[in-house]
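J.:
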Amino acid sequence: MTSPDLTAANVDKIAELFPNVLTEVVDGDQTVKRAIDFDLLRQELSEHIVEGPQERYQLNWPGKRAAAFAANAPIAKTLRPVREESVDFDTTKNLFVEGDNLDALKLLQESYLGKVKLIYIDPPYNTGNDFVYADDFAESNADYLEKSGQLSGSGERLVANTEANGRFHSNWLSMMYPRLKMARSMLRDDGVIFASIDDKELATLRILFDEVFGADNFLATIVWKNATDNNPTRVAVEHEYLLCYARNKSAVAPVWKSADSAARDLLVAVGDELTTRFTDPEDLQAEYSAWFRENKGVLGPLDRYKYIDADGVYTGSQSVHNPGKEGYRYEVIHPVSGKSCKQPLLGYRFPEETMKRLIEEGRILFGADENKIVELKVYAKDFKQKLASVIELDGRLGANELRVLFPKRKVFTNPKPVSLLRDVFSFVVAERDIVLDFFAGSGTTADAVLRINATLGTRARFVLVQLPERASEGGFRTLADVTKERIRRTGKRIKEGNATYAESVDIGFRVLKVDTSNLVDTLAAPGDLSQDTLISAINSVMPDRTGEDLLFQVLLDWGLELSLSISRERLDDHEVFVVDDGALIACFDEHVDLDMVRAVAKREPLRAVFRDSAFVSDDVRINTEQIFREISPATDVKTV
Numbered sequence: 001m002t003s004p005d006l007t008a009a010n011v012d013k014i015a016e017l018f019p020n021v022l023t024e025v026v027d028g029d030q031t032v033k034r035a036i037d038f039d040l041l042r043q044e045l046s047e048h049i050v051e052g053p054q055e056r057y058q059l060n061w062p063g064k065r066a067a068a069f070a071a072n073a074p075i076a077k078t079l080r081p082v083r084e085e086s087v088d089f090d091t092t093k094n095l096f097v098e099g100d101n102l103d104a105l106k107l108l109q110e111s112y113l114g115k116v117k118l119i120y121i122d123p124p125y126n127t128g129n130d131f132v133y134a135d136d137f138a139e140s141n142a143d144y145l146e147k148s149g150q151l152s153g154s155g156e157r158l159v160a161n162t163e164a165n166g167r168f169h170s171n172w173l174s175m176m177y178p179r180l181k182m183a184r185s186m187l188r189d190d191g192v193i194f195a196s197i198d199d200k201e202l203a204t205l206r207i208l209f210d211e212v213f214g215a216d217n218f219l220a221t222i223v224w225k226n227a228t229d230n231n232p233t234r235v236a237v238e239h240e241y242l243l244c245y246a247r248n249k250s251a252v253a254p255v256w257k258s259a260d261s262a263a264r265d266l267l268v269a270v271g272d273e274l275t276t277r278f279t280d281p282e283d284l285q286a287e288y289s290a291w292f293r294e295n296k297g298v299l300g301p302l303d304r305y306k307y308i309d310a311d312g313v314y315t316g317s318q319s320v321h322n323p324g325k326e327g328y329r330y331e332v333i334h335p336v337s338g339k340s341c342k343q344p345l346l347g348y349r350f351p352e353e354t355m356k357r358l359i360e361e362g363r364i365l366f367g368a369d370e371n372k373i374v375e376l377k378v379y380a381k382d383f384k385q386k387l388a389s390v391i392e393l394d395g396r397l398g399a400n401e402l403r404v405l406f407p408k409r410k411v412f413t414n415p416k417p418v419s420l421l422r423d424v425f426s427f428v429v430a431e432r433d434i435v436l437d438f439f440a441g442s443g444t445t446a447d448a449v450l451r452i453n454a455t456l457g458t459r460a461r462f463v464l465v466q467l468p469e470r471a472s473e474g475g476f477r478t479l480a481d482v483t484k485e486r487i488r489r490t491g492k493r494i495k496e497g498n499a500t501y502a503e504s505v506d507i508g509f510r511v512l513k514v515d516t517s518n519l520v521d522t523l524a525a526p527g528d529l530s531q532d533t534l535i536s537a538i539n540s541v542m543p544d545r546t547g548e549d550l551l552f553q554v555l556l557d558w559g560l561e562l563s564l565s566i567s568r569e570r571l572d573d574h575e576v577f578v579v580d581d582g583a584l585i586a587c588f589d590e591h592v593d594l595d596m597v598r599a600v601a602k603r604e605p606l607r608a609v610f611r612d613s614a615f616v617s618d619d620v621r622i623n624t625e626q627i628f629r630e631i632s633p634a635t636d637v638k639t640v
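Numbering-wise, this note's numbering puts 413 at position 413 of the sequence shown, and it's gapless, one number per residue.
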């Protein structure tokens with residue numbers, strides 16, 4: 001019950017290509033194990049080996065070998081479900097994993113190998129003020145298993161990565177390398193990864209991505225202009241980056257179009273057709289309003305484009321508001337009442353001269369009187385159809401969005417705006433796709449996925465991973481608690497809102513926490529065993545673990561998705577877990593008889609699992625296998 005040993009898997013792959021290089025060695029425990037004869041492998045690849053100090057193109061740093069080892073070594077851990085912190089636990093397809101993200105990726109890899117369409121990460125930027133994961137690199141596989149299985153506290157894997165420690169870039173690269181290696185294996189062949197970063201590590205992250213994903217799979221570097229620096233030192237830094245790579249560039253669609261493009265094209269076409277037929281503004285609006293009422297349901301997120309003038313279909317945008325902090329203050333006079341219009345809560349986002357120009361150009365929309373805040377006129381023809389290499393979006397929007405969800409708390413510093421991720425995701429994510437974020441932070445990724453589903457009717461799913469790092473503000477115990485609460489509040493707002501597909505959105509999520517293995521370590525040398533210790537080893541399950549804990553361990557071991565539907569039933573007076581309508585039936589009661597076994601076999605599940613200690617004798621265990629061979633021979637039977 002450990003995660004897969006990736007080193008052993010790599011040995012298998014080499015052995016398939018070059019069976020002659022496979023040999024046997026004796027390790028420190030005098031155990032014979034398979035290994036690769038590198039001298040023979042060197043002969044097979046003699047024309048393609050870089051020898052000794054020969055110059056080569058590479059990225060290297062102190063600790064790289066240990067980081068590679070950390071990526072491949074198995075861990076003796078599991079994921080334990082937490083119903084009381086979840087939403088719609090039995091039916092939701094979304095996951096929230098609380099724990100170290102390297103551990104989580106190792107545990108999730110079999111269940112989600114090659115299944116993730118999009119990965120987005122917002123890792124620490126390595127500014128010297130943030131933290132990185134201090135992974136527990138070990139000298140041997142056995143030591144690594146022992147240590148990784150015993151670590152339990154929240155936050156103890158984080159260390160301040162200050163320049164004073166003398167390994168500023170190395171620590172950061174050692175953290176990122178194994179996580180990116182694990183992430184790559186989880187992407188679909190046509191999957192892509194986006195990573196937010198700033199100037200500090202852009203260059204090294206690009207080379208690191210080249211090594212892990214291959215330079216040929218580079219897609220783009222997106223510049224996000226997110227700020228106005230009014231106090232520059234030498235150069236005003238007003239942007240960050242999103243690096244984008246593919247698992248296999250040739251499998252990615254050659255052209256990306258926003259999922260909203262069809263609605264945008266429809267609105268532009270209708271606008272062009274109506275403006276050629278109607279010159280009177282009232283007749284034009286009346287005709288378009290009639291069309292809009294009949295077709296609103298197919299417009300998705302563009303269902304706010306209710307108006308039309310000679311330049312086409314348009315809507316009003318609240319982008320005159322200043323997000324995040326106090327903006328510009330001045331009077332905007334209503335053209336009918338002659339009174340000053342109500343100002344946004346934090347003032348206007350641009351200076352008075354810009355507002356006057358927009359009013360002269362007819363780009364500002366006024367309400368019926370001065371009591372309504374003015375809006376900016378935005379045309380459907382200007383709606384973004386392509387993912388541009390430069391995105392201009394105020395970075396303070398993220399903090400403003402959290403302020404709406406947590407009006408009396410400051411819960412997170414510099415969260416990414418939902419609109420940034422929603423716009424980027426909409427070019428990649430489609431029906432039932434899986435989106436993974438293993439630096440979940442405030443939960444913006446989940447927020448963006450839920451909003452995409454609500455406006456487009458898709459059923460994309462998210463898998464989030466967040467370390468339970470201590471929260472310094474907002475009254476929450478950990479940052480993971482903040483993330484979970486944000487998802488809950490976002491889901492509630494979506495259900496209460498007027499999005500086209502709000503009612504059908506899966507706003508739930510299963511909370512799973514990284515913990516030590518469900519099994520007691522019973523490994524012992526024969527000379528160390530006595531009658532008492534033999535009896536105590538009969539039940540190898542840890543005493544504090546529930547049947548549901550064991551169920552998720554089995555799902556991991558079998559490589560089944562952890563979002564499959566789960567129901568509890570009574571069968572022959574025993575509690576059973578039925579997963580995905582019979583893909584798996586599990587019974588972890590402490591005593592199981594053959595009548596119970598027959599009842600399960602008659603359901604003909606694809607898989608069946610029991611607690612090993614539940615069988616009163618070897619005869620019952622052997623008869624169990626015989627019963628399944630007779631009644632349901634296709635069932636794969638396992639015990640824990």
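All C-beta atoms, glycine included, are put in the ideal place defined by N, C-alpha and C.
(1) Who are residue 367's beta bridge partners in DSSP?
(2) Is residue 300 near residue 379, with beta carbons less than 8 Å apart?
(3) Say whether the region 573–587 touches the region 546–560, bearing in mind that this needs 3 or more beta-carbon pairs closer than 8 Å, one atom from each stretch.
(4) Specify the secondary structure class of residue 74 as computed by DSSP and reduced to three states.
(5) Among the candidates 66, 58, 20, whose CA atom is the shortest distance from the CA of residue 45?
(6) Straight-line CA distance for residue 334 to residue 376?
(7) Go through its chain and collect everything with a Cβ distance to residue 176's Cβ below 8 Å, but skip five positions before and after it.
(8) What number of angstroms, rounded off, separates the C-alpha of residue 137 from the C-alpha of residue 184?
(9) Start and end of the alpha helix (DSSP H) containing residue 125?
(10) Would a C-beta distance cut-off of 8 Å place residue 464 and residue 510 closer than the cut-off?
(11) Measuring CB to CB, does residue 322 end up less than 8 Å from residue 347?
(12) Looking only at its chain, what residues have a beta carbon closer than 8 Å to the beta carbon of residue 591, apart from the 5 residues adjacent to it on each side?
(13) Per the contact definition of three or more C-beta pairs closer than 8 Å, is the region 598–612 in contact with the region 628–639?
(14) If you follow the beta strand (DSSP E) that residue 466 is part of, which residue opens it and which one closes it?
(15) Based on DSSP bridge pairs, tell me the residues matched to residue 587.
(16) Report the option in 310, 625, 344, 489 whose CA atom is closest to the CA atom of residue 275.
(17) Look at the alpha carbon of residue 253 and the alpha carbon of residue 297, and state the distance between them as a whole number of angstroms.
(18) Count the other C-beta atoms from every protein chain shown that fall within 10 angstroms of the C-beta of residue 73, then say buried if there are 16 or more, exposed otherwise.
(19) Is the CB-CB distance between residue 226 and residue 394 below 8 Å?
(20) Return the first residue and the last residue of the beta strand (DSSP E) that residue 245 is part of.
(21) Report the residue ranges of all beta strand (DSSP E) runs contained in full by the region 257–337; include only those spanning at least 3 residues, in chain order.
(22) Rounded to a whole number of angstroms, what is the C-alpha to C-alpha distance between residue 64 and residue 387?
(23) How big is the Cα-Cα spacing for residue 12 and residue 406?
(24) Can you check whether the CB of residue 571 is closer than 8 Å to the CB of residue 605?
(25) Can you pull the DSSP bridge partners for residue 195?
(26) Assign residue 97 to buried or exposed, taking buried as 16 or more other Cβ atoms, counted over all protein chains shown, within 10 Å of its Cβ.
(27) Apart from the five residues just before and just after residue 477, which ones in its own chain have a Cβ nearer than 7 Å to its Cβ?
(28) Can you tell me where the alpha helix (DSSP H) with residue 597 in it begins and where it stops?
(29) Tell me where the beta strand (DSSP E) around residue 224 begins and ends.
(30) DSSP on residue 80, reduced to helix/strand/coil?
(31) Using C-beta distances below 7 Å, list every residue in its chain close to residue 141, excluding the 5 sequence neighbours before and after it, in chain order.
(32) For the candidate residues 442, 327, 455, 302, whose alpha-carbon lies nearest to that of residue 382?
(33) In chain order, which continuous runs of the alpha helix (DSSP H) of length 4 or greater are located wholly inside the region 380–407?
(34) Go ahead and label residue 636 buried or exposed: buried means 16 or more other beta carbons lie within 10 angstroms of its beta carbon, across all protein chains shown.
(35) Output yes or no for whether 8 Å exceeds the beta carbon distance between residue 93 and residue 433.
(36) Report back the beta-carbon spacing between residue 505 and residue 460 to the nearest angstrom; my notes put them in contact at under 8 Å.
T.: In brief:
(1) Answer is none; residue 367 lacks a bridge partner.
(2) No, they are not a contact pair.
(3) yes
(4) coil
(5) 20
(6) Spanning the two alpha carbons is a distance of roughly 14 Å.
(7) 123, 205, 208
(8) Residue confidence for residue 137 is low, a pLDDT of 41 falling below 50, so the modelled location carries little weight and cannot support an answer.
(9) No alpha helix (DSSP H) contains residue 125, which DSSP labels as neither H nor E.
(10) Judged by their CB atoms, residue 464 and residue 510 are not nearer to each other than the 8 Å cut-off.
(11) yes
(12) Correct list, in chain order: 614, 616.
(13) yes
(14) 461–466
(15) 610
(16) 310
(17) 28 Å
(18) buried
(19) Yes, the Cβ-Cβ distance between residue 226 and residue 394 is below 8 Å.
(20) 239–246
(21) 307–309, 312–317
(22) 35 Å
(23) 51 Å
(24) no
(25) 121, 243
(26) buried
(27) Excluding positions up to five away in sequence, the list reads 471.
(28) 594–602
(29) 218–225
(30) strand
(31) In this predicted model, residue 141 has a pLDDT of only 44, less than 50, meaning its place in the structure is not dependable; the value taken from the coordinates is given anyway. Counting only Cβ-Cβ distances below 7 Å, and skipping sequence neighbours, we find 73.
(32) 302
(33) 397–405
(34) exposed
(35) Not a contact, by the Cβ cut-off of 8 Å.
(36) Incorrect: roughly 10 Å between the Cβ atoms, too far for contact.
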